[in-house]
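For reference, the structure is listed below as structure tokens.
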């Protein structure tokens, strides 16, 4: 079909489509179309490069195969595109909806039966019938914008314009072939136990995380690390694909994660791997000298997933005092305990709204790995008893630790823990005297609801349904107020009950704190929507400029 015939076809509001030629030499080849993500077989691609032949065609085929297998690097792709752009476009290419086909297939085009594809886009075609060169930027997919447009400013007879008119329904909603690359902070997990594995799962579920977990330190090696990550008695089977790559590496959905095994942090390869943040999850290295070994080994920051020992390590609880964090404050910080993360957010609300005078807390806590399955030696004689057979009273520093993040409450709170025969999910029972008089349970729950829908959204929740512990498994928030159990005695004593997943919910806050650290990292842009006001209102919804008034 010559240019005149093609132009007549366009006037009749149709385009010619070349059916797939049955050439064995072209079977199986595929090229991700650079204007979007649609894979198009070479058999279905139309006239583009009439001057490609011989060794050039072999090279192009080889490059296409590399792209199909995902082995094509950015540099190789650009080289290929530059090579292809040096060839003139075949005149027929301007009139076909599929813009790629090796010259060897051109003679078959006219011998094959034609089919018709309606087109609603009007174009002027005469200038498209002359040979012209195609700029790489027009089809590379490496452009600033991912959307294919065909505005009036486009040159008349633009090959890019014609292709856009054919692919608009698909490409309009496609994602960029290659988005802007953002440097991520390299993260190591020291201790791949309950919190370490929960942290990795939580991090894996976050989109656009500024973190890149590249290594875990697990004394069990790759076999234990991969198996226990994939299969979990509490969390169930991990939906991600977890594989053993070699004796030192596992992969999660294709992402390699190195596994090292050393009980001495000084011997860990943090400097060699360029580690920025260590998630200290062993529960052992919780003081300055211990956690400081990670810094000596080459890491830049350490986040302890337990209460820290020593006044030199600041404690942060997301939703309470995380705004006090600064990159230069300290190289080692603590995320406090799971119970403190549950208690502190709603204690903050109680103190702000009603003024806490004093109080006591009891956490009915699921047993942990620190306890014994059967009676065995332990420095705490009560924890030496069988965890699954007893209610075990023990100490907790959670209530006192609240003063680390809410200094005004120092000396006002204390508490104990009761370890019970459940594997996960715990519940805090807090009783406080308050300064404000004449309050009701509805007033207290109302204050919690306001905070849960505002500054503590994602950290605090309120439940009005009569549930039990298993219903809060894998809860993302730090604490869930059981509104039906809120009580007011007299006019100044408040009782509050709050549920929390002491593993999953806590690990979510560790990820949040690590994201906060990344956001304050010099040279790393904080994640956001790109709209400063929108980002501000996410954490300050009650501010006047963030309020939305209905007409």
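In the working numbering, the protein residues as written are 1 to 551. Think of the CB as a built atom: it goes at the ideal place given N, C-alpha and C, for glycine as much as any other residue. Quick caveat: nothing in here was measured; it's all calculated off a predicted structure.
Residue i versus residue j - alpha carbon distance
i: residue 286; j: residue 501; result: 22 Å
i: residue 401; j: residue 415; result: 11 Å
i: residue 342; j: residue 252; result: 30 Å
i: residue 96; j: residue 193; result: Note that residue 96 has pLDDT 36, beneath the 50 cutoff, so the model's placement of it is unreliable and the number below is only indicative. The straight-line gap from Cα to Cα measures roughly 58 Å.
i: residue 223; j: residue 329; result: 39 Å
i: residue 234; j: residue 475; result: 12 Å
i: residue 546; j: residue 457; result: 15 Å
i: residue 451; j: residue 204; result: 28 Å
i: residue 519; j: residue 276; result: 13 Å
i: residue 382; j: residue 396; result: 13 Å
i: residue 367; j: residue 523; result: 42 Å
i: residue 409; j: residue 211; result: 34 Å
i: residue 240; j: residue 344; result: 33 Å
i: residue 171; j: residue 482; result: In this predicted model, residue 171 has a pLDDT of only 35, less than 50, meaning its place in the structure is not dependable; the value taken from the coordinates is given anyway. Cα to Cα, residue 171 sits roughly 48 Å from residue 482.
i: residue 237; j: residue 376; result: 31 Å
i: residue 407; j: residue 380; result: 29 Å
i: residue 183; j: residue 489; result: 54 Å
Identity of the residues DSSP links to residue i by a beta bridge
i: residue 413; result: 359
i: residue 489; result: 493
i: residue 601; result: Beyond the ends of the chain as shown, which are 1 and 551, falls residue 601; an answer cannot be given.
i: residue 434; result: 356
i: residue 499; result: 427 and 480
i: residue 258; result: 215 and 249
i: residue 190; result: 217 and 280
i: residue 236; result: 232
i: residue 365; result: 419
i: residue 463; result: 482
Pair within 9 Å by beta-carbon distance, residue i and residue j
i: residue 243; j: residue 219; result: no
i: residue 478; j: residue 505; result: yes
i: residue 267; j: residue 297; result: yes
i: residue 350; j: residue 432; result: yes
i: residue 333; j: residue 303; result: yes
i: residue 428; j: residue 361; result: yes
i: residue 462; j: residue 480; result: yes
i: residue 509; j: residue 259; result: no
i: residue 552; j: residue 435; result: With the chain covering only 1 through 551, there is no way to say anything about residue 552.
i: residue 459; j: residue 413; result: no
i: residue 202; j: residue 511; result: yes
i: residue 185; j: residue 521; result: yes
i: residue 464; j: residue 484; result: yes
i: residue 516; j: residue 325; result: yes
i: residue 420; j: residue 364; result: yes
i: residue 513; j: residue 335; result: yes
7 Å Cβ shell around residue i - same chain, five flanking residues per side excluded
i: residue 438; result: 491
i: residue 200; result: 189, 213 and 229
i: residue 337; result: 306, 307, 398 and 401
i: residue 206; result: 511
i: residue 393; result: 382, 416 and 418
i: residue 552; result: For the chain, the structure presents residues 1 to 551; residue 552 sits outside this window and is missing.
i: residue 378; result: 372 and 384
i: residue 288; result: 310, 312, 313 and 332
i: residue 422; result: 366 and 469
i: residue 245; result: 251 and 256
i: residue 327; result: 520, 521 and 522
Same chain only: Cβ atoms within 6 Å of residue i, ignoring 5 sequence neighbours per side
i: residue 306; result: 283 and 286
i: residue 321; result: 405
i: residue 541; result: 454
i: residue 331; result: 295 and 301
i: residue 280; result: 190, 291, 302 and 304
i: residue 353; result: 447
i: residue 608; result: Since the first and last residues shown for the chain are 1 and 551, residue 608 lies out of range.
i: residue 274; result: 186
i: residue 391; result: 418 and 420
i: residue 358; result: 412 and 433
i: residue 537; result: 546
Cβ-based neighbour list, residue i, same chain, cut-off 8 Å, excluding 5 preceding and 5 following
i: residue 261; result: 217, 218, 219, 220 and 221
i: residue 293; result: 264, 265, 266 and 285
i: residue 473; result: 234, 424, 425, 501 and 504
i: residue 270; result: 188, 278, 294, 297, 298 and 299
i: residue 272; result: 298
i: residue 449; result: 462
i: residue 493; result: 431, 432, 433 and 434
i: residue 248; result: 222, 258, 259 and 260
i: residue 403; result: 409, 410, 411, 412 and 413
Okay, do the stretch 386 to 399 and the stretch 435 to 444 touch, 3+ Cβ pairs below 8 Å being the bar? No: the two stretches stay apart, fewer than three of their Cβ pairs being nearer than 8 Å.
Within 8 Å, do at least three Cβ pairs link the stretch 370 to 385 to the stretch 309 to 323? Under the Cβ criterion (8 Å, minimum of three pairs), the stretch 309 to 323 does not count as touching the stretch 370 to 385.
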